[in-house]
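Numbering (the working numbering), first residue to last: 14 to 101.
Here's what the structure looks like:
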């Protein structure tokens, strides 16, 4: 359990990094410990319409998604298995 916590803490350094997933540019905006998973925000298109508290649509916002984090047997991120490309 301690090693999982330390792995998650080290993954937090990836917040703000850009990745390519299915040929779309995303930014890692959060790490969810339950899973663990990346929360990705689309950097290219703002196609989701966000309603206000009354349900009326007023603005477009970036789409977000969660992506389960896969690790290799030696404890490193398995970006190939996840289908992501880490960008500099």
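Even for Gly, the Cβ is constructed at its ideal location relative to N, Cα and C.
I'd like to check one pair, residue 88 with residue 34: are the Cβ atoms closer than 9 Å? Along the chain shown, one-based indexing puts residue 34 at 21. Along the chain shown, one-based indexing puts residue 88 at 75. No, the pair does not count as a contact, with Cβ atoms beyond the cut-off.
Roughly how many angstroms lie between the CA atoms of residue 47 and residue 21, to the nearest whole one? In the chain shown, the residue the question calls residue 47 occupies position 34. In the chain shown, the residue the question calls residue 21 occupies position 8. When rounded, the distance between both Cα atoms is 10 Å.
Classify residue 62: buried if its beta carbon has 16 or more other beta carbons within 10 angstroms, exposed otherwise. The residue given as residue 62 occupies position 49 in the chain shown. Answer is exposed; the Cβ neighbour count stays below 16.
In the DSSP assignment, what are the bridge partners of residue 28? Within the chain shown, residue 28 is the residue found at index 15, counting from 1. Answer is none; residue 28 lacks a bridge partner.
Can you name the start and end residues of the beta strand (DSSP E) that residue 50 belongs to? Here residue 50 refers to the residue found at position 37 of the chain shown. Note, residue 50: beta strand (DSSP E), 50-55.
Straight-line gap, residue 69 to residue 60 (C-alpha atoms, nearest Å): Sequence index remark: in the chain shown, residue 69 carries index 56 (1-based). Sequence index remark: in the chain shown, residue 60 carries index 47 (1-based). Approximately 16 Å, taken between the alpha carbons.
Give me the DSSP bridge partner(s) of residue 75. Counting from 1 along the chain shown, the entry for residue 75 is found at position 62. Per DSSP, none; premise fails for residue 75.
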